[in-house]
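Q:
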Amino acid sequence: MAGYEQVTVIGAGLMGHAIALVHAMAGCEVTLCDLSQERLDWARTRLEDLAQSGNTGVAEAPEALARIGYAVDLAGAVTEADLVVEAIVEDAEAKRALFDQLAGLVRADAVIASNTSFLDIFPLVPQALSTRTLIVHWYTPPYLIDLVDVVPAPDADPRLAARMVEFLRAMGKKPVLLRKFVPGYIANNVQMAIEAEVFRLLDAGVAEVGDIDDAIRFGLAQRLCLMGQFRKIDYTGLQVVRDIHAAGLYTPPVQPTGTKRLDSLLVEGANGLLAGRGFYDYDGAPADYLDRRDRNLLRLRAALEGLDDGL
1 MAGYEQVTVI GAGLMGHAIA LVHAMAGCEV TLCDLSQERL DWARTRLEDL AQSGNTGVAE
61 APEALARIGY AVDLAGAVTE ADLVVEAIVE DAEAKRALFD QLAGLVRADA VIASNTSFLD
121 IFPLVPQALS TRTLIVHWYT PPYLIDLVDV VPAPDADPRL AARMVEFLRA MGKKPVLLRK
181 FVPGYIANNV QMAIEAEVFR LLDAGVAEVG DIDDAIRFGL AQRLCLMGQF RKIDYTGLQV
241 VRDIHAAGLY TPPVQPTGTK RLDSLLVEGA NGLLAGRGFY DYDGAPADYL DRRDRNLLRL
301 RAALEGLDDG L
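Heads up, the sequence shown is in the UniProt record's numbering, so the first residue is 1 and it goes up one at a time.
(1) Within 10 Å of its beta-carbon, does residue 183 have 16 or more other beta-carbons around it, so buried, or fewer, so exposed?
(2) Give the straight-line distance between the Cα atoms of residue 327 and residue 307, rounded to the nearest whole angstrom.
(3) To the nearest angstrom, how far is it from the Cα of residue 251 to the Cα of residue 243?
(4) Does the ligand ATP have even one heavy atom less than 7 angstroms from the beta-carbon of residue 200?
(5) How many angstroms separate the CA atom of residue 292 from the CA atom of residue 48?
(6) Classify residue 335 as helix, strand or coil using the three-state DSSP reduction.
(7) How long is the line joining the alpha carbons of residue 1 and residue 42, rounded to whole angstroms?
(8) Let me make sure I understand the geometry here. Which of 68, 186, 176 has the alpha-carbon closest to that of residue 148?
(9) Of all the beta strand (DSSP E) runs that stay within the bounds of the region 125-197, which reach a length of 3 or more residues?
(10) Looking at the structure shown, is residue 10 part of a helix, part of a strand, or coil, going by DSSP?
(11) What residues are listed by DSSP as bridge partners for residue 70?
(12) Near residue 270, which residues of its chain fall below 7 angstroms by C-beta distance, leaving aside the five closest residues on each side in sequence?
(13) Between 254, 121, 22, which has its C-alpha nearest residue 193's C-alpha?
(14) Can you tell which of 111, 121, 305 has its C-alpha closest to the C-alpha of residue 6?
(15) According to DSSP, is residue 114 part of a helix, a strand, or is it coil?
(16) Skipping 5 residues on each side, what residues in its chain have a beta carbon closer than 6 angstroms to that of residue 313?
(17) Just to confirm before moving on: does the CB-CB distance between residue 15 and residue 87 stay below 8 angstroms?
(18) In whole angstroms, what separates the C-alpha of residue 196 from that of residue 145?
(19) Whole angstroms is fine: what's the gap from residue 170's alpha carbon to residue 282's?
(20) For residue 230, count the other beta carbons within 10 Å of its own beta carbon; 16 or more makes it buried, fewer makes it exposed. Which is it?
(21) Suppose the cutoff is 8 angstroms on Cβ atoms and the five residues either side in sequence are ignored; what does the same chain contact list for residue 202 look like?
(22) Cα separation between residue 124 and residue 94?
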């Protein structure tokens, strides 16, 4: 696995435990570290349930659990690690404190990979680690969603990012190498643009929630899932696309980060799946919905793997 045989994941939360599982399924020896024994116990139970469910897409997932150890002692967890994955709370000062600790604990050749969602962590990293630090950002659930963003530190050796890309590809993932850090990376920025537009359409009374979602699922998403956006433009024809943009048919929302409907739902306590209600109502246990999501994502990934990628 490109030299990353010993991997330590710091943070046993919603992303950390799943990132640990992905590395273990790829054959790495993994230590999942967290300051909270309670959180580690939760992660162990969650991983056991996940492996038994069959929703990871890997038949050997139960065997992979044997390659995951659990630790509350940071020093003991990282001393022998080839790769240290930071997956703690999205707080700049907490990350800065952790990186400062790691500088005095990790091997001189250990690589640091941060799963930060939106923070530019590079100014938070001490000089001792700056040339061997990357952002390696996963999407949930990482055992089924193959996209991984890779962003090297500005002063990192370019070979470090190339090695990480090779490592991720060997795991069956689809790494995207960014030349520089941008908050939200690529997919999340495109997602924010989509959210701004669907909020505008909803507030303007153009259509209801279910119809807007259907337009995305059965029109936009099917084509983008197959081709992405730039290949889709090629199939449409560049002249047509330029003419559409030149006609000025689309005006971006003035307020791209909010919607009246979203605000009113939050006032009512409708915070989404875990609350039992958001834009949709959820009658069952959240775990059942997550299980169904994973099963459907697994089927979708299997279907995509059977498609011709050279359109």
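Think of the CB as a built atom: it goes at the ideal place given N, C-alpha and C, for glycine as much as any other residue.
A: With the structure as the only source:
(1) By the neighbour-count rule (16 or more Cβ atoms within 10 Å), residue 183 is not buried but exposed.
(2) Since the first residue shown for the chain is 1 and the last is 311, residue 327 is missing from the structure and cannot be characterised.
(3) Distance from the CA of residue 251 to the CA of residue 243, rounded to the nearest whole angstrom, comes to 15 angstroms.
(4) The ligand ATP is not part of the structure shown, which contains no ligands of any sort.
(5) About 17 angstroms.
(6) With the chain represented from 1 up to 311, any question about residue 335 goes unanswered, as that position is not in the structure.
(7) In this prediction, residue 1 scores a pLDDT of 44, lower than 50, which makes its location untrustworthy; no coordinate-derived value is stated.
(8) Comparing Cα positions, the closest option is 176.
(9) Residue ranges of uninterrupted beta strand (DSSP E) with 3 or more members, entirely inside the region 125-197 and ordered along the chain, are 133-138, 147-152, 174-177.
(10) In the structure shown, residue 10 sits in a strand (DSSP, three-state: E or B).
(11) DSSP lists 32 as partners of residue 70.
(12) Closer than 7 angstroms at Cβ, skipping near neighbours: 277, 278.
(13) Among 254, 121, 22, the Cα nearest to that of residue 193 belongs to 254.
(14) Among 111, 121, 305, the Cα nearest to that of residue 6 belongs to 111.
(15) Of the three classes helix, strand and coil, the one that applies to residue 114 here is strand, per DSSP.
(16) This structure cannot settle anything about residue 313, because the visible part of the chain is limited to 1 through 311.
(17) Going by C-beta atoms, residue 15 is nearer than 8 angstroms to residue 87.
(18) Using only the alpha carbons, I get a separation of about 23 angstroms.
(19) Roughly 38 angstroms between the two C-alpha positions.
(20) In summary, residue 230 is exposed, with fewer than 16 beta-carbon neighbours lying within 10 Å of its beta-carbon over all protein chains present.
(21) Within the same chain, residue 202 has close Cβ partners 208, 209, 212, 259, 261.
(22) Rounded to the nearest angstrom, the gap between the Cα atoms of residue 124 and residue 94 is 10 angstroms.
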